[in-house]
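Trainee: Numbered per this note's numbering, the sequence shown spans residues 1 to 293.
Think of the CB as a built atom: it goes at the ideal place given N, C-alpha and C, for glycine as much as any other residue.
Sending over a structure as structure tokens; questions will come in a sec.
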Amino acid sequence: MQTIDQLNQTFSINDEVWFEEVSPGYPIVRVRNASAEATIALNGAHLTNYCPLNETPVIFTSNAAIYQAGKPIRGGIPVCWPWFNAHPSDDSLPAHGYARIHFWNLEKTESSQDGTRLVFSLAAQNHSKLAVMLEFHIGKDLQLALHTINTGKSRETFSEALHSYFNVSDSRKSLVHGLDGDPYMNTVGQESSHQQIGPVAFPDEVDRIYHSEHQVTIDDPESQRQIVVSKSNSQSTIIWNPGEKKGASLSDLQNDEIFRFVCAESGNVRDQSITLGPGENHILLLRIATQIQ
1 MQTIDQLNQT FSINDEVWFE EVSPGYPIVR VRNASAEATI ALNGAHLTNY
51 CPLNETPVIF TSNAAIYQAG KPIRGGIPVC WPWFNAHPSD DSLPAHGYAR
101 IHFWNLEKTE SSQDGTRLVF SLAAQNHSKL AVMLEFHIGK DLQLALHTIN
151 TGKSRETFSE ALHSYFNVSD SRKSLVHGLD GDPYMNTVGQ ESSHQQIGPV
201 AFPDEVDRIY HSEHQVTIDD PESQRQIVVS KSNSQSTIIW NPGEKKGASL
251 SDLQNDEIFR FVCAESGNVR DQSITLGPGE NHILLLRIAT QIQ
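Here it is as structure tokens:
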């Protein structure tokens with residue numbers, strides 16, 4: 001694992017990229033440029049803040065989030081990889097994969113006129129021969145590229161999701177546009193198949209897996225802002241908010257935060273999982289931008 005001194009000596013950029021420790025042995029990277037600021041924990045290569053200049057934060061992270069090695073962070077953009085939800089055959093393995101609870105290596109930081117680029121990597125683990133890299137571009141919009149590489153000699157199947165938590169004033173008044181007509185699986189209670197009609201609303205708990213390649217727009221009327229989420233090489237969109245009852249049971253989420261976010265996750269899960277042959281790779285692209293109304 002890279003130490004705070006190694007990170008600052010090798011990857012800091014004057015007045016733009018620097019490193020701090022939330023607690024001993026738990027480094028984070030802070031980015032501030034002419035367009036935006038951001039924070040990324042090396043545990044999980046987990047972005048916890050993105051805020052364009054003169055705006056409120058676009059990404060939600062709970063004030064009760066746990067910053068501890070081996071623990072997931074509530075909020076931000078968790079990397080669910082190389083499986084989504086429970087492991088398909090081994091319940092002893094962590095939910096949503098191991099990428100979000102391992103420390104990644106920082107490989108590169110670069111500054112340009114249009115933003116700041118950071119590249120993280122995570123080597124193949126015992127569970128598979130899949131390796132992964134995650135690239136961030138932080139500027140007037142936020143771009144992520146999740147690269148998966150099969151380093152082995154046989155075919156490997158994986159699922160993935162960039163589990164983005166978006167900051168809204170009140171989820172009960174927010175709508176997600178762009179999924180009209182798309183099929184989805186409702187996973188609240190007994191699973192059932194449906195087709196979306198109109199925008200997605202959040203009167204209570206919502207947990208849906210859409211088969212969709214479409215761009216979505218989160219309408220936050222109280223903030224007079226729209227968050228536009230576009231993606232490539234992704235056939236799954238997961239929409240989630242725990243609602244009041246389930247949200248109150250989450251120890252790393254404060255009660256007054258339950259309605260402060262909407263999750264619109266981009267990935268490839270379940271029947272849309274990806275299979276790579278030896279030496280093959282897959283890149284999931286995500287772009288997040290805002291429109292002030």
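What do you reckon, are the CB atoms on Ala38 and Phe136 nearer than 9 Å?
Mentor: yes
Trainee: Strictly by DSSP, which residues pair up with Val17?
Mentor: Ile13 and Val31
Trainee: With a threshold of 7 Å on Cβ separation, who are the neighbours of Leu175 within its own chain once the five nearest residues in sequence on each side are excluded?
Mentor: Pro199, Val200, Ala201 and Asp219
Trainee: Below 8 Å, can you find three or more Cβ-Cβ pairs linking the segment 70 to 79 to the segment 161 to 171?
Mentor: yes
Trainee: If we count the other Cβ atoms within 10 Å of its Cβ and call it buried at 16 or more, is Pro24 buried or exposed?
Mentor: Under this definition Pro24 is an exposed residue.
Trainee: The alpha helix (DSSP H) with Lys245 in it runs from where to where?
Mentor: First-last of the alpha helix (DSSP H) with Lys245: Gly243 to Ala248.
Trainee: Between which two residues does the beta strand (DSSP E) harbouring Gln291 extend?
Mentor: Asn281 to Ile292
Trainee: Expressed to the nearest angstrom, what Euclidean distance is found between the alpha-carbon atoms of Ile288 and Ile227?
Mentor: 7 Å
Trainee: In angstroms, rounded to a whole number, what distance separates the CA positions of Val216 and Gln291?
Mentor: 13 Å
Trainee: Counting contacts by CB-CB distance shorter than 9 Å, is Gly189 in contact with chain B?
Mentor: Absence of chain B from the displayed structure is noted, only one protein chain being present.
Trainee: In three-state DSSP terms, what is Gln6?
Mentor: helix
Trainee: So what's Lys173 in DSSP terms, helix, strand or just coil?
Mentor: helix
Trainee: What residue ranges within the segment 207 to 278 form continuous beta strand (DSSP E) runs of no fewer than 3 residues, ordered along the chain?
Mentor: 216 to 220, 225 to 232, 236 to 241, 261 to 268 and 274 to 276
Trainee: Runs of 3 residues minimum, wholly inside the segment 93 to 150: which ones carry the beta strand (DSSP E) assignment?
Mentor: Complete beta strand (DSSP E) runs here, min 3: 105 to 112, 115 to 122, 130 to 138 and 142 to 150.
Trainee: Go ahead and pull the three-state DSSP assignment for Tyr165.
Mentor: Three-state DSSP puts Tyr165 in a strand.
Trainee: Inspect the beta-carbon positions of Arg100 and His147 and report whether they are closer than 9 Å.
Mentor: no
Trainee: Among the residues of its own chain, which have a CB less than 6 Å from the CB of Val29, if the five just before and after it don't count?
Mentor: Phe19 and Ile40
Trainee: Just to check my reading of the structure: Gln235 and His214 have Cβ atoms closer than 8 Å, yes? What is that Cβ distance to the nearest angstrom?
Mentor: Between His214 and Gln235 the Cβ distance is about 10 Å, and since that is not below 8 Å, they are no contact.
Trainee: Quick check: the segment 268 to 288 against the segment 117 to 128, are at least 3 beta-carbon pairs closer than 8 Å?
Mentor: Pairwise C-beta distances place the segment 117 to 128 out of contact with the segment 268 to 288, as fewer than three of them are shorter than 8 Å.
Trainee: By the 10 Å Cβ neighbour count, where 16 or more other Cβ atoms means buried, how is Ser223 classified, buried or exposed?
Mentor: Per the 10 Å Cβ criterion, buried.
Trainee: Nearest to Asp180 by alpha carbon, out of Leu253, Gln254, Gln196 and Ile4?
Mentor: The option with the nearest alpha carbon to Asp180 is Gln196.
Trainee: For Arg155, count the other beta carbons within 10 Å of its own beta carbon; 16 or more makes it buried, fewer makes it exposed. Which is it?
Mentor: exposed
Trainee: Taking the beta carbon of Met133 as the centre, do at least 16 other beta carbons fall within 10 Å, making it buried, or is it exposed?
Mentor: With 16 or more other Cβ atoms within 10 Å, it is buried.
Trainee: With DSSP as the reference, label Ala201 as helix, strand or coil.
Mentor: coil
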